[in-house]
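Be aware that the sequence shown starts at 64, since it is given in the working numbering, and climbs by one per residue. Ideal placement from N, C-alpha and C gives every residue a C-beta, glycine not left out. Note sheet for the following structure.
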Amino acid sequence: MRGRGNDHIHGFTKVPGTELVAVCDVDESVSSKRVGEIEKLGLPKPKSYVDVRKLLEDNDIDAISIATPNHWHSLMAIWGCQAGKDVYVEKPCSHKHV
Numbered sequence: 064m065r066g067r068g069n070d071h072i073h074g075f076t077k078v079p080g081t082e083l084v085a086v087c088d089v090d091e092s093v094s095s096k097r098v099g100e101i102e103k104l105g106l107p108k109p110k111s112y113v114d115v116r117k118l119l120e121d122n123d124i125d126a127i128s129i130a131t132p133n134h135w136h137s138l139m140a141i142w143g144c145q146a147g148k149d150v151y152v153e154k155p156c157s158h159k160h161v
């Protein structure tokens, strides 16, 4: 959630009817910083996860937005669909080194 993920946060907070209920980053210092920034916007404090698999188990979450390094896009999108979540993922949906 340092770069594009932070962009996602700010974009989704402006979408009517959308509630940001959780954030996930393997670096807890980054997620803590983003949670604080979200609260400063006057929004409810979101849950914070380090492991996306635990986030996907949360029934309060309807959709996920993926802003990870490219090699994680496909797997997280598949896991999200398997968990019954709506998934927003930007290109590339797959990554192959030639």
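Collapsed DSSP secondary structure at residue i in the structure displayed
{"i": "K110", "result": "strand"}
{"i": "I129", "result": "strand"}
{"i": "D149", "result": "strand"}
{"i": "V86", "result": "strand"}
Member of the options whose CA lies at the smallest distance from the CA of residue i
{"i": "D90", "options": "C144, P79, G105, G68", "result": "G68"}
{"i": "K117", "options": "E82, L83, D88", "result": "D88"}
{"i": "E120", "options": "H73, K148, E82, G80", "result": "K148"}
{"i": "E102", "options": "D123, H73, V113", "result": "H73"}
{"i": "V113", "options": "V98, F75, T76, A126", "result": "V98"}
Neighbourhood of residue i by C-beta distance below 7 Å, restricted to the same chain and skipping five residues each side
{"i": "H71", "result": "S128, A130"}
{"i": "R65", "result": "V93"}
Contact between the stretch 104-118 and the stretch 76-84: three or more CB pairs below 8 Å? Counting Cβ pairs under 8 Å, three or more are found: they touch.
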